[in-house]
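Engineer: My structure is below; once you've seen it, I'll send some questions.
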Amino acid sequence: MEPDMADKRDAMDDLRTLNVQRVQRAGSLSLHVADQLETLIGNGGIAVGEKLPTENRLSESFGVSRTVIREAMTHLKSLGLVETRQGVGTTVLRNTALEAMPANQINPTTVEDILHVLELRLNLEPAAAELAALRHDDNDRRILQEKHDAFIRARSEHSQARTEDYEFHCAIAAATHNPFFKSLYEQLSHSVIPRAKLMSIEINTSATDKYLTRVEDEHTRVLEAIFARDSDAARETMYQHLKRARNMYAKYQES
Numbered sequence: 001m002e003p004d005m006a007d008k009r010d011a012m013d014d015l016r017t018l019n020v021q022r023v024q025r026a027g028s029l030s031l032h033v034a035d036q037l038e039t040l041i042g043n044g045g046i047a048v049g050e051k052l053p054t055e056n057r058l059s060e061s062f063g064v065s066r067t068v069i070r071e072a073m074t075h076l077k078s079l080g081l082v083e084t085r086q087g088v089g090t091t092v093l094r095n096t097a098l099e100a101m102p103a104n105q106i107n108p109t110t111v112e113d114i115l116h117v118l119e120l121r122l123n124l125e126p127a128a129a130e131l132a133a134l135r136h137d138d139n140d141r142r143i144l145q146e147k148h149d150a151f152i153r154a155r156s157e158h159s160q161a162r163t164e165d166y167e168f169h170c171a172i173a174a175a176t177h178n179p180f181f182k183s184l185y186e187q188l189s190h191s192v193i194p195r196a197k198l199m200s201i202e203i204n205t206s207a208t209d210k211y212l213t214r215v216e217d218e219h220t221r222v223l224e225a226i227f228a229r230d231s232d233a234a235r236e237t238m239y240q241h242l243k244r245a246r247n248m249y250a251k252y253q254e255s
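Heads up, the sequence shown is in the UniProt record's numbering, so the first residue is 1 and it goes up one at a time.
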């Protein structure tokens with residue numbers, strides 16, 4: 001059998017063994033690949049200590065370029081799930097992501113305030129994202145993309161991106177075309193962003209970039225769902241985004 005045919009067969013074997021699906025959705029292909037691999041690692045489909053298939057095989061299995069696979073690997077590394085070593089390949093380190101904590105410790109009263117705000121947001125913003133997916137127009141798309149890009153720039157410049165985070169969520173509220181969503185969000189102001197409540201001495205600056213990279217990925221998923229007019233996905237991705245934040249800040253309360 002010719003080498004390229006053998007590689008093709010091996011790639012298809014990977015596809016069947018790992019039960020991955022070729023990526024056909026619009027949006028960030030690397031995030032869709034990373035999501036599937038993260039799920040496989042989490043449920044033991046790829047065990048801790050095992051190596052992932054090669055770039056070529058993953059590329060063929062998912063039906064994407066090697067560049068997309070590299071971007072997906074970068075995401076999995078940022079979660080602490082895998083490591084890549086020259087001449088060895090990419091190995092699974094753990095089956096649950098390391099949570100980058102934005103602060104070493106937080107005043108108990110501040111934590112309580114943050115959790116109350118997140119409880120409100122969990123009951124408000126998934127519905128806003130759902131309506132934004134159904135009702136947004138071209139101008140909303142432009143503003144949402146601008147706000148998302150502004151967050152990415154702020155993160156790359158190693159800021160806390162508090163204002164940019166708030167303005168992204170506020171743009172979603174505006175895209176519902178229900179003025180009361182936007183009005184309520186504006187009344188809450190920047191205080192809805194948990195990092196806005198943290199004192200400088202509480203912030204864990206070394207973990208901030210990794211934490212905000214996770215936030216950026218979640219914002220990307222929300223934006224993709226809205227732009228695709230997938231109202232169910234918009235609601236769910238926003239809910240998961242805020243639920244993860246609530247669960248993370250609850251850990252400060254537990255400690």
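Note that CB positions come from ideal geometry on N, CA and C, so glycine has one too. These numbers were taken from a predicted model, which means no experiment stands behind them.
Please list the segments of the alpha helix (DSSP H) lying wholly inside the segment 172 to 238, counting only runs of 4 or more residues, in order along the chain.
Structural biologist: Segments of the alpha helix (DSSP H) lying fully in the segment 172 to 238: 179 to 188 and 205 to 227.
Engineer: Near Leu58, which residues of its chain fall below 6 angstroms by C-beta distance, leaving aside the five closest residues on each side in sequence?
Structural biologist: Residue mapping note: residue 58 aligns to position 58 of the sequence shown, counting from 1. Once the five neighbours on either side are set aside, the close Cβ partners of Leu58 are Ile69.
Engineer: Name the DSSP bridge partner or partners of Thr54?
Structural biologist: Taking the first residue of the sequence shown as position 1, residue 54 is located at position 54. DSSP lists no partner for Thr54.
Engineer: So, using beta-carbon positions, are Glu130 and Ser231 closer together than 7 angstroms?
Structural biologist: On the sequence shown, residue 130 is found 130 positions in, with the first residue counted as 1. On the sequence shown, residue 231 is found 231 positions in, with the first residue counted as 1. Yes, these two residues count as a Cβ contact at 7 angstroms.
Engineer: I believe Val111 touches Tyr252 by the beta-carbon criterion, under 8 angstroms. Please report the beta-carbon distance rounded to the nearest angstrom.
Structural biologist: In the sequence shown, counting from the first residue as 1, residue 111 sits at position 111. In the sequence shown, counting from the first residue as 1, residue 252 sits at position 252. Between Tyr252 and Val111 the Cβ distance is about 5 angstroms, and since that is below 8 angstroms, they are a contact.
Engineer: Asp209 to Arg155, Cα distance in whole Å?
Structural biologist: Translated into positions along the sequence shown, residue 209 becomes position 209. Translated into positions along the sequence shown, residue 155 becomes position 155. Rounded to whole angstroms, Asp209 to Arg155 spans 7 angstroms at the Cα level.
Engineer: What residues match up with Glu83 in a beta bridge as DSSP calls it?
Structural biologist: Position 83 of the sequence shown, counting from 1, holds the residue named residue 83. Thr91.
Engineer: Compute the Euclidean distance between the alpha carbons of Lys51 and Val88, then round it to the nearest angstrom.
Structural biologist: Translated into the one-based positions of the sequence shown, residue 51 becomes position 51. Translated into the one-based positions of the sequence shown, residue 88 becomes position 88. The straight-line gap from Cα to Cα measures roughly 9 angstroms.
Engineer: Go through its chain and collect everything with a Cβ distance to Glu71's Cβ below 7 angstroms, but skip five positions before and after it.
Structural biologist: Looking up residue 71 in the sequence shown gives position 71. If we look at Glu71 and ignore the five residues flanking it on each side, its Cβ neighbours are Ser30.
Engineer: Is the beta carbon of Leu79 closer than 7 angstroms to that of Ile41?
Structural biologist: Residue numbering aside, residue 41 sits at position 41 when the sequence shown is read from its first letter. Residue numbering aside, residue 79 sits at position 79 when the sequence shown is read from its first letter. No, the pair does not count as a contact, with Cβ atoms beyond the cut-off.
Engineer: Pull up the distance between the alpha-carbon of Ala128 and that of Arg85, whole angstroms please.
Structural biologist: In the sequence shown, counting from the first residue as 1, residue 128 sits at position 128. In the sequence shown, counting from the first residue as 1, residue 85 sits at position 85. One C-alpha to the other measures close to 43 angstroms.
Engineer: Assess contact between the segment 160 to 167 and the segment 227 to 241, defined as three or more Cβ pairs (one per stretch) separated by less than 8 angstroms. Is contact present?
Structural biologist: Contact fails: fewer than three Cβ-Cβ distances are below 8 angstroms.
Engineer: Please classify Asp137 as buried or exposed, where buried requires at least 16 neighbouring CB atoms within 10 angstroms.
Structural biologist: Position 137 of the sequence shown, counting from 1, holds the residue named residue 137. Under this definition Asp137 is an exposed residue.
Engineer: Comparing alpha-carbon positions, which option in Ala47, Thr91 and Ile106 lies nearest Leu198?
Structural biologist: Taking the first residue of the sequence shown as 1, we reach residue 198 at position 198. Looking at the Cα atoms, Ile106 is the closest of the given residues.
Engineer: Thr237 and Ala245 - do their beta-carbons sit closer together than 7 angstroms?
Structural biologist: Indexing the sequence shown from 1 puts residue 245 at position 245. Indexing the sequence shown from 1 puts residue 237 at position 237. The answer is no: Cβ separation not under 7 angstroms.
Engineer: Using DSSP with H/G/I as helix, E/B as strand and the rest coil, what is Thr96?
Structural biologist: Here residue 96 is taken as the residue at index 96 of the sequence shown, counted from 1. DSSP places Thr96 in coil when its eight states are reduced to three.
Engineer: Gln160 and Arg121: beta carbons closer than 7 angstroms?
Structural biologist: Within the sequence shown, residue 160 is the residue found at index 160, counting from 1. Within the sequence shown, residue 121 is the residue found at index 121, counting from 1. Not in contact: Gln160 and Arg121 (Cβ atoms no closer than 7 angstroms).
Engineer: With a 10 Å radius around its C-beta and 16 neighbouring C-beta atoms as the bar for buried, classify Ala47 as buried or exposed.
Structural biologist: For this step, residue 47 is matched to residue 47 along the sequence shown. Classification for Ala47: exposed.
Engineer: If the criterion is Cβ atoms closer than 7 angstroms, does the pair Val33 and Phe62 meet it?
Structural biologist: Numbered from 1 along the sequence shown, position 33 holds the residue referred to as residue 33. Numbered from 1 along the sequence shown, position 62 holds the residue referred to as residue 62. Closer than 7 angstroms, so yes.
Engineer: Quick check on this structure: which residue in Asp149, Ala250 and Val192 has the alpha carbon closest to the alpha carbon of Thr220?
Structural biologist: Locating residue 220 in the sequence shown gives position 220, where the first residue counts as 1. Nearest of Asp149, Ala250 and Val192 to Thr220, Cα basis: Asp149.
Engineer: Please report the Cβ distance between Glu216 and His241, rounded to the nearest whole angstrom; I am assuming they are in contact, meaning their Cβ atoms lie under 8 angstroms.
Structural biologist: Here residue 216 refers to the residue found at position 216 when the sequence shown is read from its first residue. Here residue 241 refers to the residue found at position 241 when the sequence shown is read from its first residue. Their Cβ separation, rounded to whole angstroms, is 11 angstroms, which puts Glu216 and His241 out of contact at 8 angstroms.
Engineer: Need the endpoints of the alpha helix (DSSP H) that Gln160 sits in, please.
Structural biologist: Taking the sequence shown and counting its residues from 1, the one referred to as residue 160 is at position 160. It is not in any alpha helix (DSSP H) - Gln160 carries neither H nor E in the DSSP assignment.
Engineer: Could you give the residue range of the alpha helix (DSSP H) that holds Gly45?
Structural biologist: Here the question's residue 45 lines up with position 45 in the sequence shown. First-last for Gly45: undefined, no H or E at that position.
Engineer: For Ile193, I'd like the list of residues in its chain whose CB is within less than 6 angstroms of its CB, leaving aside the five on either flank, ordered along the chain.
Structural biologist: The sequence position of residue 193 within the sequence shown is 193, counting from 1. Taken in chain order, the residues that qualify are Arg162, Asp165 and Tyr166.
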